[in-house]
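Participant: Protein sequences appear in the order of chains A and B.
Once you know that position 106 of the first sequence is 106 in my numbering, the rest is easy, because the numbers rise by one and skip nothing.
The number in my numbering is simply the position in the second sequence, starting from 1, with 120 added.
Every residue gets a Cβ at the ideal spot worked out from N, C-alpha and C, and that includes glycine.
Supplied in structure tokens, the structure appears directly below.
2 protein chains.
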Amino acid sequence: MTQQQMTALDSVLEYHRCWTSGDIDGAMQYIADDMVCKAPGADVVGKEQYRAFLGGFASMLTGLEDLAAFGDDDHAVLFYYPHTPQTSTSPTAEHFTIRDGKIVETVLCFDRMSFIPPQA
Amino acid sequence: MTQQQMTALDSVLEYHRCWTSGDIDGAMQYIADDMVCKAPGADVVGKEQYRAFLGGFASMLTGLEDLAAFGDDDHAVLFYYPHTPQTSTSPTAEHFTIRDGKIVETVLCFDRMSFIPPQA
Numbered sequence: 001m002t003q004q005q006m007t008a009l010d011s012v013l014e015y016h017r018c019w020t021s022g023d024i025d026g027a028m029q030y031i032a033d034d035m036v037c038k039a040p041g042a043d044v045v046g047k048e049q050y051r052a053f054l055g056g057f058a059s060m061l062t063g064l065e066d067l068a069a070f071g072d073d074d075h076a077v078l079f080y081y082p083h084t085p086q087t088s089t090s091p092t093a094e095h096f097t098i099r100d101g102k103i104v105e106t107v108l109c110f111d112r113m114s115f116i117p118p119q120a
Numbered sequence: 121m122t123q124q125q126m127t128a129l130d131s132v133l134e135y136h137r138c139w140t141s142g143d144i145d146g147a148m149q150y151i152a153d154d155m156v157c158k159a160p161g162a163d164v165v166g167k168e169q170y171r172a173f174l175g176g177f178a179s180m181l182t183g184l185e186d187l188a189a190f191g192d193d194d195h196a197v198l199f200y201y202p203h204t205p206q207t208s209t210s211p212t213a214e215h216f217t218i219r220d221g222k223i224v225e226t227v228l229c230f231d232r233m234s235f236i237p238p239q240a
């Protein structure tokens with residue numbers, strides 16, 4: 001399939017499969033240059049800034065449990081449990097907006113307190 | 121419609137409409153006695169404990185912006201921005217499991233730090 005033939009959910013699931021298996025280059029093929037990620041506490045703006053953000057989190061990932069995936073023509077939602085050294089029971093939810101097969105916006109929902117390493 | 125004829129998403133949307141408009145009694149009609157809410161930091165177990173939890177949050181609600189709603193036979197997902205005195209830009213996502221028209225589990229995803237009142 002070309003990216004134009006994929007549904008929004010197809011694109012998002014492929015993006016998700018890539019980055020959670022450590023393939024950041026593959027994941028970034030699904031990210032629009034001017035994407036915005038509305039993350040807790042701050043927006044991440046633009047593909048390069050997002051690459052650093054995603055790569056940083058991916059480097060902490062020790063496992064993954066997927067919970068739900070839904071989508072329509074232009075949007076998709078994922079629910080999953082990222083496993084990190086701090087937690088494997090705190091969920092992450094993402095709402096994606098897709099244009100021309102690429103992710104132009106994500107609203108990222110997770111509890112920062114659950115992912116913060118214990119203070120020394 | 122009886123609750124048995126409603127889809128999982130119908131039930132969840134009606135539950136959501138009730139509590140976000142202050143109708144906690146109406147919302148609780150969609151909650152199973154033995155429900156579990158997996159909330160950030162702690163599980164809320166059982167209908168009465170959940171009533172207190174939901175009522176407490178509902179009392180802080182000053183507005184609402186719905187972002188997305190999806191569902192299948194037994195599950196639904198909502199994404200929305202609850203408006204509180206602290207924030208109107210921090211999203212909440214919920215993943216619901218429905219049995220016999222009632223919510224038996226929710227996985228609740230939000231950033232506690234965004235909703236905490238500033239310390240005096």
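(1) Flag alanine 27 of chain A as yes when its Cβ comes closer than 7 Å to any non-hydrogen atom of the ligand ATP, and as no otherwise.
(2) Hey, is the stretch 98-112 of chain A in contact with the stretch 129-141 of chain B, meaning 3+ C-beta pairs nearer than 8 Å?
(3) Rounding to the nearest angstrom, what Cα-Cα distance links methionine 113 of chain A and proline 85 of chain A in this structure?
(4) Which residues in the same chain have their Cβ closer than 8 Å to the Cβ of isoleucine 236 of chain B, if we skip the five residues on either side of it in sequence?
(5) Please report whether the beta-carbon of histidine 136 of chain B lies at a distance below 8 Å from any beta-carbon of chain A.
(6) Please check if any C-beta of chain A sits within less than 8 Å of the C-beta of valine 197 of chain B.
(7) By DSSP, does aspartate 194 of chain B sit in helix, in strand, or in coil?
(8) Check distances from the C-beta atoms of the stretch 55-72 of chain A to those of chain B and list, in chain order, the residues that come in under 7 Å.
(9) Tell me the rounded alpha-carbon separation between aspartate 192 of chain B and histidine 95 of chain A.
(10) Output needed for arginine 99 of chain A: all residues of its chain with C-beta closer than 8 Å, excluding positions within five of it in sequence on either side, in chain order.
(11) Using a cut-off of 8 Å between C-beta atoms, extract the partners of serine 90 of chain A located in chain B.
(12) Quick check: is the beta carbon of methionine 6 of chain A nearer than 8 Å to any beta carbon in chain B?
(13) Is it right to say threonine 209 of chain B is buried, meaning 16 or more other beta carbons lie within 10 angstroms of its own, or is it exposed?
(14) Using a 10 Å radius around the Cβ and a threshold of 16 neighbouring Cβ atoms, would you call alanine 213 of chain B buried or exposed?
(15) Comparing alpha-carbon positions, which option in A:Gln119, A:Pro118 and A:Arg51 lies nearest alanine 37 of chain A?
(16) Note down the Cα distance separating methionine 148 of chain B from aspartate 23 of chain A, rounded to an integer number of angstroms.
(17) Would you kindly report the start and end of the unbroken beta strand (DSSP E) that includes leucine 228 of chain B?
Facilitator: Looking at the coordinates:
(1) In the structure on display, the ligand ATP does not appear, and there are no ligands present to speak of.
(2) They do not touch, by the three-pair rule.
(3) By 1-based counting over the first sequence, the position of residue 113 of chain A is 113. By 1-based counting over the first sequence, the position of residue 85 of chain A is 85. Note on geometry: alpha-carbon atoms of methionine 113 of chain A and proline 85 of chain A lie some 14 Å from one another.
(4) As a first step, residue 236 of chain B must be located in the second sequence, where it is residue number 116. Non-local beta-carbon contacts of isoleucine 236 of chain B in its own chain, meaning distances under 8 Å to residues more than five positions away in sequence, involve Gln206 in chain order.
(5) Within the second sequence, numbered from 1, the residue matching residue 136 of chain B stands at position 16. Chain A, which has no Cβ nearer than 8 Å to the Cβ of histidine 136 of chain B, makes this no.
(6) As a first step, residue 197 of chain B must be located in the second sequence, where it is residue number 77. Valine 197 of chain B belongs to the set of residues whose beta carbon lies under 8 Å from a beta carbon in chain A.
(7) Within the second sequence, numbered from 1, the residue matching residue 194 of chain B stands at position 74. Three-state DSSP puts aspartate 194 of chain B in coil, outside helix and strand.
(8) So the list reads Leu67, Ala68 and Phe70, given in the order they occur along the chain.
(9) Position 72 of the second sequence, counted from the start, is the residue given in the question as residue 192 of chain B. Position 95 of the first sequence, counted from the start, is the residue given in the question as residue 95 of chain A. Pairing aspartate 192 of chain B with histidine 95 of chain A, the inter-Cα distance amounts to about 17 Å.
(10) Working through the first sequence from its first residue, we reach residue 99 of chain A at position 99. Within the same chain, arginine 99 of chain A has close Cβ partners Ala32 and Asp74.
(11) Along the first sequence, read from residue 1 onward, the residue named residue 90 of chain A stands at position 90. Identification of chain B residues near serine 90 of chain A by a Cβ-Cβ cut-off of 8 Å yields Pro160, ordered along the chain.
(12) The residue given as residue 6 of chain A occupies position 6 in the first sequence. No, methionine 6 of chain A does not count as interfacial toward chain B.
(13) Along the second sequence, one-based indexing puts residue 209 of chain B at 89. Threonine 209 of chain B counts as exposed, since fewer than 16 other C-beta atoms from the protein chains shown sit within 10 angstroms of its C-beta.
(14) Along the second sequence, read from residue 1 onward, the residue named residue 213 of chain B stands at position 93. If you draw a 10 Å sphere on the C-beta of alanine 213 of chain B, you find 16 or more other C-beta atoms in it, and that means buried.
(15) Looking up residue 37 of chain A in the first sequence gives position 37. Note on residue identity: the sequence assigns cysteine, not alanine, to residue 37 of chain A. Distance from the Cα of cysteine 37 of chain A is smallest, within the candidate group A:Gln119, A:Pro118 and A:Arg51, for A:Arg51.
(16) Your numbering for residue 148 of chain B matches position 28 in the second sequence. Your numbering for residue 23 of chain A matches position 23 in the first sequence. Roughly 44 Å separates the two Cα atoms.
(17) Indexing the second sequence from 1 puts residue 228 of chain B at position 108. Per DSSP, leucine 228 of chain B belongs to the beta strand (DSSP E) from 222-229.
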